Structure formats: C-alpha cells, structure tokens
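Trainee: Encoded as structure tokens, here's the structure I'll be asking about.
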Amino acid sequence: MKRHDPQDVHSHPGSALQFSVRTSLSNPNIPTRQDTRHTLLPPIAMADDAPETLEALQSRHRKEQRDLISRTTQKKKQATKKTRKGVNDECERLEHELKERQARETDAHSGEAAGQEEEVHDDEESGEGNAGQNSEGVEDAVGSLTVSPSKDTDRSQADGEGSSSGGKKKVNRAKARLARRAAEQSAIAAQAAEEAANMPDLREQERARMDTQLSRHNLKLHEIRADGHCLYAAVADQMQTRDLDLTPRVSVKVIENGSAEPQDYKKARYAAAAWIEAHADDFTGFMEEPLPEYLAKIRETGEWGGHMELMALAKTYGVVINVLHGDGRVDKIAPGEEEGQTQSEIWLGYYRHSHGLGEHYNSLRKIP
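Under the numbering used here, the first residue of the sequence shown carries the number -6, and numbering increases by one thereafter.
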C-alpha cells in the first residue's frame, strides 16, 4: 500500500481538517482538529475585581473634568487683583495635571486591551499547532485514504487576501475613536463651564450681606491686607482709630530685626502670645501642639489667628471685641467683668468667601 507523505497533508490546511474528520469517523478515540482546539484552550480565570471598562473610564474622566471646571471657575470668581495671577496659575496647573493623568489612564487601558487580544491570538495559534501535532499522530493509520481539496482552502486564501487591508481599517478606527473622544471632552467642558457660570457668586453674596450689616451697625469697612496677619492688623487698626493704647496688661518685649519701630500687627502678636504664656492653663487644653511651638508661631510667623488669640487680645487690652458676620451674627468676646471700669468696644468683620486665601478679618470703623 502506498504511503502518503505527511508534508502533502500539511500543504492543504483544509485537507488536514478533512483528514481529522474522516479519521474520527473510523476511530472515535482519536480527537479531531476541532476537538483539539476546544480541549487545548486554557480555562478563563475570572478575577475577583473586574477591571474598569472603557465606558466606565470615560464616564469617570467626564465627571472629573466637570468637577475641576466648577472648582477653577469658582476660584477665579473669588480671586482679587492681587491673587488673580496665582489663582490662574494654580488652575492651569490643575488642568494640566488632570489631562496628563487621564491620558496615562487611557493609554494604560488601551495597552491592556491590546495585550488581551494578543494573548487570545497566541492561544489560538498554540491550539492550531497542537491540533497539527495530533493529526501527524494519526497519519500512519489513514495513509491509504485519498486526499481531496475542500472549500475551506479557498476560504482561507480569501481571508489571507483580506488581511492586507486590516491594518488600514484598524488605523481608521483608532482615528475615529480619538476624534469621538475629543468631541466628548469638548462637550463636557462646555457643559461644565455653563454649570459653573450658573453657580451663585458666593463672594458677591457675602459682600452684599455684609454691606447691609454695616449700615445697620453704623460701620464702614477698612480693608486689611490678606497676608496671614489680618486678625492682628485689624485689632491694631481698631485700637489706634479709637485712641486706645496698644500697650498690653502683660509686659511685652518685641524682638524686631533692625532698629526700626516694630509694626503694629507685630505688637499685637507679641501681646497675644504673652497673655497666653502667662495664663497657659486656660489655653493649653485647646492646643494640638506644645505651648512653646504654638507661641513661636504666633510671634515669628504669619500663622492665622483664631478664637484663642481674640480672647487673649480682649483680655490683655481690656476691650470687648465684636466680630460681625455676613449673616448678621455678632460674636462678642469680652475680657471679663471688672467693677468700676468701662470697657471699650472694637469691631472686626469676618469673611469666608471674599478672599482667595480663605477666612479673613477686616477692620470695621465707626462712622462719626
């Protein structure tokens, strides 16, 4: 009996498949080419945490862009002439960082998808190779069979001709996907800008409410520089305009570099620190750091002042400090009742939205 050359079998891919099918009919224990493909593919492992889909990634990016535009628009509305450049630089930096991070995430997601496609392609090729090895094992048993070309051969040739244009189709799809993504981002940016434009201007609302309260209490606004010393500078301005002495009850030695007279806000800082140091038991329970470090920040840095510093200033100067809020509330900080002594009053304005740095104190002078 004439023996067929195995190379003749592999020269026709469709013939190899026909061999396997015919052989399986005569010997059911021998796996066919189609059987080996299904049995050799590894099982798909399901991860506990499914990766983020492209749709979910794009949805999250759109939300992040809307949120950032709302934040930056609000910051720009609240910026003053002095802080506008810094606010604009910060907004540009935040937008640049968001774009870079989202681009990295998109590229990473595209890389993972491509890797999965290559892995599946490799698995298919390995399955075909194993199927070919199994077909070689049965060639001796089917050597007498006649090989005839099948329709699968023509179909595989047609597929090979069509694959030459597959690269161009992939490139066109990628360009279309990028264009669609750019259009979506532009639409998101326009929507976020519209939403931000329709948001209430908290700065203007606060100023309008504060103007109403100033008229009610017969006060006028005196702007204090927003540099971290605003509380102390506002107290010093009130003390001077009301002809009150900045000399505190507790002896204070202001250390100033050079021979120039220390600034008034510096005197107020040292006065507050001296009172807190002399009455440490009344204040240390409200501190989050050791007393020496707290006092050093008051004296030597631009650390913002708060309620404890207002209390210390009210006591060391013996005055009532009234803090007016835009909603009409007045916080009255008194030094304590002392018989036979008339206590003077000073007024500060507390602002939350009118300055780029955040909370701020202004001096409120009495209208003659």
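For glycine and all other residues, C-beta sits at the position ideal for the given N, C-alpha and C. Predicted, not measured: the structure shown is a model, and the values here were computed from it.
Whether or not the stretch 187 to 196 and the stretch 62 to 82 are in contact is what I'm after, with contact meaning three or more pairs of Cβ atoms, one per stretch, closer than 8 Å; do they touch?
Mentor: yes
Trainee: Secondary structure at Gly295, three-state DSSP: helix, strand or coil?
Mentor: coil
Trainee: Contact check, Ser356 vs Ala227 under 8 Å by CB: the rounded distance?
Mentor: In this structure, Ser356 and Ala227 form a Cβ contact; the two beta carbons are roughly 4 Å apart against a cut-off of 8 Å.
Trainee: For Ile314 and Leu214, what's the separation of their Cα atoms in angstroms?
Mentor: 16 Å
Trainee: For the 8 Å Cβ check, are there 3 or more pairs between the stretch 167 to 185 and the stretch 307 to 325?
Mentor: no
Trainee: How would you call Arg262, buried or exposed, if buried means at least 16 neighbouring beta carbons within 10 angstroms?
Mentor: buried
Trainee: Start and end of the beta strand (DSSP E) containing Lys359?
Mentor: 353 to 359
Trainee: Find the nearest neighbour of Glu302 within the set Gly329, Gly342, Glu282, Ala267, judged by alpha-carbon distance.
Mentor: Ala267
Trainee: Note the first and the last residue of the continuous alpha helix (DSSP H) segment covering Lys325.
Mentor: Segment 323 to 326 is the beta strand (DSSP E) holding Lys325; no alpha helix (DSSP H) there.
Trainee: Could you tell me the boundaries of the alpha helix (DSSP H) in which Glu57 lies?
Mentor: For Glu57, the uninterrupted alpha helix (DSSP H) segment begins and ends at 47 to 71.
Trainee: How about Lys359 and Asn211: are their beta carbons less than 8 Å apart?
Mentor: Cβ distance < 8 Å, so Lys359 and Asn211 count as in contact.
Trainee: With distances taken Cα to Cα, identify the nearest neighbour of Gly329 among Leu306, Glu90, Leu341.
Mentor: Leu306
Trainee: Measuring straight from C-alpha to C-alpha, what distance separates Ile229 and Lys290?
Mentor: Position check: residue 229 holds Ala in this sequence, whereas Ile was assumed. Taking the straight line from one Cα to the other gives about 19 Å.
Trainee: If I measure Cβ to Cβ from Pro35 and keep anything under 6 Å in the same chain, skipping five residues before and after, which residues do I get?
Mentor: With a pLDDT of 43 at Pro35, under the threshold of 50, the predicted position of this residue should be treated as unreliable, though the coordinate-derived value follows. No residues qualify anywhere along the chain.
Trainee: Who are the near neighbours of Thr32 in its chain, counting only those whose CB is closer than 6 Å to its CB and skipping five residues on each side?
Mentor: Low confidence applies to Thr32: its pLDDT is 40, below 50, so where it sits in the model is not reliable, and the reading given next is rough at best. If we look at Thr32 and ignore the five residues flanking it on each side, it has no Cβ neighbours.
Trainee: In this structure, how does DSSP classify Gly104 when only helix, strand and coil are distinguished?
Mentor: Helix, per DSSP.
Trainee: Taking its Cβ as the centre, do 16 or more other Cβ atoms sit within 10 Å of Thr205, making it buried, or is it exposed?
Mentor: exposed
Trainee: Using only the alpha-carbon positions, how far apart do Thr76 and Pro44 sit?
Mentor: 43 Å
Trainee: For His300, count the other beta carbons within 10 Å of its own beta carbon; 16 or more makes it buried, fewer makes it exposed. Which is it?
Mentor: Around the beta carbon of His300, fewer than 16 other beta carbons sit within 10 angstroms, so the residue counts as exposed.
Trainee: Just to confirm, is the Cβ distance from Ser63 to Glu187 under 8 Å?
Mentor: No, the Cβ-Cβ distance between Ser63 and Glu187 is not below 8 Å.
Trainee: Hey, how far is the Cα of Met232 from the Cα of Arg345?
Mentor: 24 Å
Trainee: Grab the span of the beta strand (DSSP E) containing His215 for me, first residue to last.
Mentor: 212 to 215
Trainee: Do Ile339 and Val312 have their C-beta atoms within less than 8 Å of each other?
Mentor: Between Ile339 and Val312, the C-beta gap is smaller than 8 Å, which places the two residues in contact.
Trainee: Using the DSSP secondary-structure output, state which residues sit across from Glu338 in a beta bridge.
Mentor: Val313
Trainee: Need the endpoints of the alpha helix (DSSP H) that Lys74 sits in, please.
Mentor: Looking at the DSSP string, Lys74 is not in any alpha helix (DSSP H), and its letter there is neither H nor E.
Trainee: Could you round the C-beta distance between Thr277 and Leu284 to whole angstroms and report it? I think they count as a contact, below 8 Å.
Mentor: 6 Å between Cβ atoms; contact.
Trainee: Measure the alpha-carbon distance for Asp238 versus Gly298 and round it to whole angstroms.
Mentor: For Asp238 and Gly298, the distance between alpha carbons rounds to 21 Å.
Trainee: Just list the residues that DSSP pairs Tyr344 with in beta bridges.
Mentor: His353
Trainee: With distances taken from CA atoms, which of Tyr343, Gly221, Lys308 is nearest Ser337?
Mentor: Lys308
Trainee: Measuring only between beta-carbons, confirm whether Asp238 sits less than 8 Å from chain D.
Mentor: Absent from the structure is chain D; it holds one protein chain and no more.
Trainee: Measuring alpha carbon to alpha carbon, tell me which residue in Arg86, Glu98, Leu87, Gly79 is nearest Ala49.
Mentor: Glu98
Trainee: Which parts of the stretch 261 to 306 are runs of the alpha helix (DSSP H), unbroken and 4 residues or longer, counting only runs that do not cross its ends?
Mentor: With a minimum length of 4 residues, the unbroken runs of alpha helix (DSSP H) contained wholly in the stretch 261 to 306 fall at 284 to 293.
Trainee: Rank Ala175, Lys56, Ala265, Met304 by C-alpha distance to the C-alpha of Arg292 and give the top, closest one.
Mentor: Ala265
Trainee: Once you ignore the five residues that flank Phe279 on each side, which residues in its own chain have a CB closer than 7 Å to its CB?
Mentor: Met301
Trainee: Can you tell me which of Ala201, Arg200, Tyr354 puts its alpha carbon nearest to the alpha carbon of Tyr258?
Mentor: Tyr354
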